[in-house]
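Novice: Chains A and B, in that order, give the protein sequences. Here the first sequence is numbered in my numbering, starting from 4 and rising by one per residue. Here the second sequence is numbered in my numbering, starting from 4 and rising by one per residue. Just passing along the structure, written as structure tokens.
There are 2 protein chains.
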Amino acid sequence: MAKPYVIGIDMGGTNTAFGIVDARGNVIASSSIKTGKHANLEDYINELYDEITRIVVANDAEGKINGIGIGAPNANYFTGIIEDGVNLPWPTPIPLADLISKKFGIPCLITNDANAAAIGEMTYGAARGFKDFIMITLGTGVGSGIVVNGQMVYGHDGFAGELGHVIMKRNNGRMCGCGRTGCLEAYCSATGVARTAREFLEIRSDDSLLRNYDIEAITSKDVYDCAVAGDKLAQDIFDYTGNILGEALADFMTFSSPEAFVIFGGLTKSGEYIMRPIRESFEKNVMPVFKGKAKILVSELKEADAAVLGASALGWEIKEG
Amino acid sequence: MAKPYVIGIDMGGTNTAFGIVDARGNVIASSSIKTGKHANLEDYINELYDEITRIVVANDAEGKINGIGIGAPNANYFTGIIEDGVNLPWPTPIPLADLISKKFGIPCLITNDANAAAIGEMTYGAARGFKDFIMITLGTGVGSGIVVNGQMVYGHDGFAGELGHVIMKRNNGRMCGCGRTGCLEAYCSATGVARTAREFLEIRSDDSLLRNYDIEAITSKDVYDCAVAGDKLAQDIFDYTGNILGEALADFMTFSSPEAFVIFGGLTKSGEYIMRPIRESFEKNVMPVFKGKAKILVSELKEADAAVLGASALGWEIKEG
């Protein structure tokens, strides 16, 4: 039988958040440390160990941890390694799963943030009971986690589920952080929304509350505030964004025919301003055989806890040896 | 233990081909009947039963059939039903799996043609040992069968794997048989190649051997013959087609990160004229993290046997009750 708790660790470039989670998704205790404080990886892992041990002891959870799950950028589920190209203070590759499981004496699995979110949603959130769904995370970038037949899709190399990098504009597309142009992420991330705002303000001449902002510093939150205030240009920005995302989801439908798409991340705070055009565009663009078949849902994980919850859910995949 | 043989049935609008297949993919015996001969579904099933029984008896295979697999248009693996919108002489939906298994007294599974091809390739062909690959069939249409973690991707409704209908041209795209515009199928099927030929001949003014053909009757085979003869316009048609397919495969890579794409169907007879631009375009367009990682292979199933072999492979999924 599985032990009653798991530990979830959400490792970001700035902060590392962690918590003890029970089988129902209650975060029993949580805390965080600064990722960037230690020039040396060993010191970081020592502080993480000390802090986690402190909350484990304080909550009488010693010997009751089934496993440790970590969500981290470019983390490879198969190898347990954080690969190159991430914003962390230590040289990569980092054999993180191995280092953590040895230090703690508890089995550890790692995956990237978007996959962790999908596992969290399936274990505790809006996707409970779904065997086929796709998680789309709309943050600084666009991430995805794909579940088929009840299993995460990792692909042959552990890097599947990069749906933020399908090409939506084959001609004259925006530069993307991946080095190519026209990717979904360049349009439908929070950053993409801000880029669209700057583009619209430059191209269009109609009045807009957004013209009162410093154009270079506009955020998706500003666009939301203006949309709520009835600003047409701001609302058009969400329509434009949602339309592209709906076109993308319509294409994703032909792949795995999920019963739901679960949308997660800061942009979902814009509520129906973004969700309505996504749904409308999806239904308009999807192949006839799929019309009306897929739900488009907002994540049910509390954003403050979501990353830790998602990572923690990996801890349930570990079976007693 | 599984019995030593399976029966594969490839049900098309014109012909129904079938065969007895062993575990190594040898077709022990095969035959076919005319699908359209019977106005009545029951008569069709009776003739199929008689003909299959004849070759089973002739090959001493009575009591040795593990299962029957059928590849048919719009066949749903989960329900065993052939859904609407197919070119068959009987009213749909048709509960085919149930009708066949009752008539033969042998368990029967059905799926669509492209999924059957993928299962066949995994069981007997170029994808043996692959846990993550994508089969692309280039025929009258573009079909696909997706394998993730060693399992076929059917989706929540049995209709996953319609990659011929991702949108490759969002503006001014060609009409597709699905009722939308710009689908991969409208460009990269054999029919799509013929359409490209007509377009190129109309738009361009350079000499071409293709100008000696009846423009309305040009086929992808004609384009191949001219390409082999050194015709630049014909070769450009394959470059154009392969380039779009390579762009599409690059997008598919972000989904399931397969270790290989296996290309099947009439167009692959054009060899390197079509395969070279597919590979070049894939490597040029794929996300950096995936560069050099996926093989692009031609099917190893003999085309004459492939459909029957693919369908037959479903017969091995049946476990003894």
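Note that CB positions come from ideal geometry on N, CA and C, so glycine has one too. None of these values were measured; they are calculated from a predicted model.
Quick one: measure Cβ to Cβ for GLU262 (chain A) and MET290 (chain B), integer angstroms, because I've assumed they're closer than 8 Å.
Specialist: About 27 Å separates the two Cβ atoms, so there is no contact after all.
Novice: In the structure shown, what three-state DSSP assignment does LYS272 (chain B) receive?
Specialist: helix
Novice: Can you find a C-beta in chain A that's less than 8 Å from the C-beta of MET290 (chain B)?
Specialist: yes
Novice: Using DSSP's beta-bridge definition, name the partner residues of MET178 (chain B).
Specialist: B:THR184
Novice: How long is the line joining the alpha carbons of ILE299 (chain A) and ASP209 (chain B), rounded to whole angstroms?
Specialist: 50 Å
Novice: Residues in its own chain within less than 7 Å of GLY324 (chain A) by CB, not counting five upstream and five downstream?
Specialist: Residue placement at GLY324 (chain A) is poorly supported in this model, since its pLDDT is 47, which falls under 50; the coordinates are not used for a value here.
Novice: Tell me whether GLY132 (chain B), by its Cβ, gets closer than 7 Å to a heavy atom of the ligand GTP.
Specialist: Looking at this structure, you won't find the ligand GTP or any other ligand, since it has none at all.
Novice: Please decide whether ASN43 (chain A) counts as near chain B, where near means a Cβ-Cβ distance under 8 Å.
Specialist: no
Novice: Using a beta-carbon distance below 8 Å, is CYS181 (chain B) in contact with chain A?
Specialist: yes
Novice: Could you pull the DSSP bridge partners for MET138 (chain B) from this structure?
Specialist: B:GLY148 and B:VAL265
Novice: For SER315 (chain A) and LEU252 (chain A), what's the separation of their Cα atoms in angstroms?
Specialist: 28 Å
Novice: Thinking just about the alpha-carbon of each residue, which of B:ASP242, B:ILE109 and B:ALA220 is nearest to the one in ALA230 (chain B)?
Specialist: For the set B:ASP242, B:ILE109 and B:ALA220, the Cα lying nearest the Cα of ALA230 (chain B) is the one of B:ASP242.
Novice: Please say whether ILE139 (chain B) and ILE325 (chain B) have beta carbons closer to each other than 8 Å?
Specialist: Any answer about residue 325 (chain B) is impossible in this case: the structure gives chain B only from 4 up to 324.
Novice: Kindly identify the DSSP beta-bridge partner or partners of ASP25 (chain A).
Specialist: A:TYR8
Novice: Buried or exposed: which applies to ALA237 (chain A), given that a residue is buried once 16 or more other Cβ atoms fall within 10 Å of its Cβ?
Specialist: buried
Novice: Could you give the residue range of the beta strand (DSSP E) that holds SER34 (chain B)?
Specialist: 30-37
Novice: For ASP101 (chain B), name the three-state secondary structure that DSSP assigns.
Specialist: helix
Novice: List the endpoints of the continuous beta strand (DSSP E) containing PRO172 (chain B).
Specialist: Strictly speaking, residue 172 (chain B) in this sequence is Lys, with Pro absent from that position. Element bounds for LYS172 (chain B): n/a, residue is neither H nor E.
Novice: Relative to the C-alpha of THR191 (chain B), which residue among B:LEU212, B:ASP225 and B:GLY142 is closest?
Specialist: Thr is not the amino acid found at residue 191 (chain B); the sequence shown has Cys there. Looking at B:LEU212, B:ASP225 and B:GLY142, the one whose alpha-carbon comes closest to that of CYS191 (chain B) is B:GLY142.
Novice: Quick one: what's MET14 (chain A) bridged to in DSSP?
Specialist: DSSP, once it has assigned bridges, lists A:THR19 as partnering MET14 (chain A).
Novice: Does the segment 301-318 of chain A come within contact of the segment 171-183 of chain A, defined as at least 3 CB pairs closer than 8 Å?
Specialist: no
Novice: At 7 Å on the CB atoms, spell out the chain B contacts of ALA121 (chain A), in chain order.
Specialist: The premise fails here: ALA121 (chain A) is roughly 14 Å from chain B at the closest Cβ pair, so nothing lies under 7 Å.
Novice: Could you give the first and the last residue of the continuous beta strand (DSSP E) run that contains ASN69 (chain A)?
Specialist: 68-74
Novice: Leaving out five residues before and five after ALA130 (chain A) in sequence, what residues of the same chain have Cβ atoms less than 6 Å from its Cβ?
Specialist: GLU124, PHE136 and VAL265
Novice: So which residues on chain B does GLN238 (chain A) lean against when the C-beta distance must stay under 7 Å?
Specialist: Contacts between GLN238 (chain A) and chain B, judged by CB atoms closer than 7 Å, are missing: the closest CB pair is about 22 Å apart.
Novice: Inspect the beta-carbon positions of GLY16 (chain B) and ASN90 (chain B) and report whether they are closer than 8 Å.
Specialist: yes
Novice: For the beta strand (DSSP E) holding THR114 (chain B), just list the boundary residues, first then last.
Specialist: 111-114
Novice: Helix, strand or coil: how does DSSP classify MET125 (chain A) here?
Specialist: helix
Novice: With LYS40 (chain B) as the anchor, note down where its alpha helix (DSSP H) starts and where it stops.
Specialist: Per DSSP, LYS40 (chain B) belongs to no alpha helix (DSSP H) and is neither H nor E.
Novice: Find out if the Cβ-Cβ distance for the pair SER35 (chain A), THR19 (chain A) is shorter than 8 Å.
Specialist: yes
Novice: Answer with yes or no whether the minimum CB distance from THR257 (chain A) to chain B is below 8 Å.
Specialist: yes
Novice: Leaving out the 5 sequence neighbours to the left and right, which residues in its chain are closer than 6 Å to LEU99 (chain A) when beta-carbon positions are compared?
Specialist: ILE85 and ILE113
Novice: Who are the Cβ neighbours of GLU54 (chain B) in its own chain at under 7 Å, not counting the five residues just before and after it?
Specialist: SER34 and ILE36
Novice: I need the DSSP call for ALA120 (chain B), collapsed to helix, strand or coil.
Specialist: helix
Novice: Tell me whether ASN79 (chain B) sits in a helix, a strand or coil according to DSSP, three-state version.
Specialist: strand
Novice: Measure from the alpha carbon of PHE133 (chain B) to the alpha carbon of each residue in B:GLY318, B:ALA297, B:LEU312 and B:ILE321, then state which is nearest.
Specialist: When each option's Cα is compared against that of PHE133 (chain B), the closest is B:ALA297.
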